[in-house]
Amino acid sequence: MDVIGWLMEGDPSIRWQVQRDLLDRAESTWKRERAQLARRGWGADLLARQDVDGGWSGAVYSPKWTSTHYTLLQLVRLGLAPFHPAGRPAVDKLLTAGRYENGSLNLAKTVPVADGCVNGMVLLMASYFGTPGPIPDGIASWLLTRQMADGGWNCEDWRGATHGSFHTTISVLEGLEAYRLARPAEAEKAADAVAAGREFLLVHRLYKSHRTGEVADPVFTRFSFPPRWHYDVLRGLDYLAAVDAGRDPRIEDAIDLVNSKRRDDGTWVLQHPHTGRLHFRMEQGGKPSRWNTLRALRVLKWWSQAG
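Heads up, the numbering used here is the position in the sequence shown plus 18, with the first residue counted as 1.
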């Protein structure tokens with residue numbers, strides 16, 4: 019099977035990333051393809067559903083996954099251009115709808131304190147779309163105060179959790195990376211925290227208990243897209259590839275897991291779609307997945323070239 023050809027038969031959101039990350043096409047080429055996702059396919063469908071106030075479904079965080087928060091996050095995953103006019107109004111809606119206190123943003127109606135996982139995702143979206151102002155800076159600073167002794171973050175820290183959570187940690191790391199790209203000078207303050215957060219993933223070999231070496235949660239070994247707030251090994255590896263992390267032997271188990279899931283035809287299937295309300299279904303669970311295949315090949319390419 020011509021896997022690259024199969025990927026290039028997919029949605030514009032797949033094609034532009036194949037061109038950039040797998041085929042090393044010129045920037046002008048993949049940017050032209052990237053622009054298409056706002057005009058047709060999944061990206062255009064999501065944009066057509068945007069409310070006049072900049073949000074989606076008349077909702078901020080819930081219902082999952084059709085609210086403003088998760089729809090905008092999905093558009094970031096698809097690769098909507100950061101300067102697209104739909105981005106800033108949606109971010110502004112999140113920032114103004116939430117309760118901003120002590121540097122953190124609380125989007126929940128029933129939880130009394132801010133959530134590190136949610137703030138990591140909001141920081142990702144605000145930074146990605148270049149939203150200025152004190153709130154993104156405040157969120158970044160607040161997240162640094164919530165880091166745990168093991169280098170991770172846990173949205174249950176207010177309930178007494180003392181060990182980092184894979185779910186929260188990856189969301190915070192992704193958010194801080196987007197913040198670094200958008201505001202490199204301000205993000206310098208986060209360098210040590212980011213290094214400790216990556217070390218948290220490495221100490222756990224991306225999905226194992228640091229005490230027993232056993233799989234921390236079997237769900238981490240099942241690859242889904244979009245990941246929403248959930249962690250899995252492929253999401254963790256894709257983050258390490260995106261930041262061009264150095265080669266580390268503690269990553270090898272995770273790479274072996276990815277290789278073990280490659281089918282004979284060279285594709286990876288969609289596993290464990292996260293239950294919730296959808297605008298539409300991009301791919302079917304248990305079937306060959308262009309998203310997982312793209313991301314797996316991107317990770318394996320990075321690993322083969324990592325210094």
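Glycine included, every Cβ here is placed at the ideal spot set by N, Cα and C.
Unbroken alpha helix (DSSP H) run spanning residue i, endpoints
| i | result |
| --- | --- |
| residue 123 | Premise fails: residue 123 lies in the beta strand (DSSP E), 122-124, not in any alpha helix (DSSP H). |
| residue 188 | 184-200 |
| residue 171 | Element bounds for residue 171: n/a, residue is neither H nor E. |
| residue 366 | Examination of residue 366 is not possible in this model, given that the chain is present from 19 through 325 alone. |
| residue 225 | Looking at the DSSP string, residue 225 is not in any alpha helix (DSSP H), and its letter there is neither H nor E. |
| residue 144 | 134-146 |
| residue 102 | Run containing residue 102: none; DSSP gives neither H nor E here. |
| residue 53 | 45-54 |
| residue 31 | 30-35 |
| residue 162 | 152-163 |
| residue 88 | 86-96 |
| residue 24 | 21-26 |
Residue environment, residue i, which counts as buried when at least 16 other CB atoms sit within 10 Å
| i | result |
| --- | --- |
| residue 265 | exposed |
| residue 295 | exposed |
| residue 302 | exposed |
| residue 283 | exposed |
| residue 211 | buried |
| residue 250 | buried |
| residue 207 | exposed |
| residue 185 | buried |
| residue 154 | buried |
| residue 172 | buried |
| residue 228 | exposed |
| residue 120 | exposed |
| residue 38 | buried |
| residue 70 | exposed |
| residue 101 | exposed |
| residue 199 | exposed |
| residue 149 | buried |
Where residue i falls: helix, strand or coil (DSSP)
| i | result |
| --- | --- |
| residue 301 | coil |
| residue 279 | coil |
| residue 233 | strand |
| residue 268 | helix |
| residue 257 | helix |
| residue 205 | helix |
| residue 65 | helix |
| residue 128 | coil |
| residue 293 | coil |
| residue 39 | helix |
| residue 57 | coil |
| residue 83 | coil |
| residue 322 | helix |
| residue 274 | helix |
| residue 149 | coil |
| residue 108 | helix |
Cross-strand partners of residue i (DSSP beta bridge)
| i | result |
| --- | --- |
| residue 77 | 74 |
| residue 286 | 307 |
Which listed residue (the options) has its alpha carbon closest to that of residue i
| i | options | result |
| --- | --- | --- |
| residue 323 | 164, 262, 180 | 262 |
| residue 175 | 135, 204, 211 | 135 |
| residue 217 | 191, 198, 204 | 191 |
| residue 220 | 243, 180, 242, 168 | 168 |
| residue 279 | 259, 315, 26 | 315 |
| residue 276 | 238, 244, 300 | 238 |
| residue 48 | 61, 62, 60, 33 | 33 |
| residue 197 | 181, 161, 231 | 161 |
| residue 272 | 240, 247, 293 | 240 |
| residue 226 | 183, 195, 246, 148 | 183 |
| residue 166 | 158, 159, 187 | 187 |
| residue 20 | 285, 317, 321, 310 | 285 |
| residue 321 | 110, 157, 288, 268 | 268 |
| residue 31 | 318, 319, 313, 317 | 313 |
| residue 245 | 289, 234, 203, 36 | 289 |
Delimiting residues of the beta strand (DSSP E) encompassing residue i
| i | result |
| --- | --- |
| residue 117 | 117-119 |
Minimum Cβ-Cβ distance from residue i to chain D less than 8 Å
| i | result |
| --- | --- |
| residue 123 | Looking at the structure shown, chain D is missing, and only one protein chain is on hand. |
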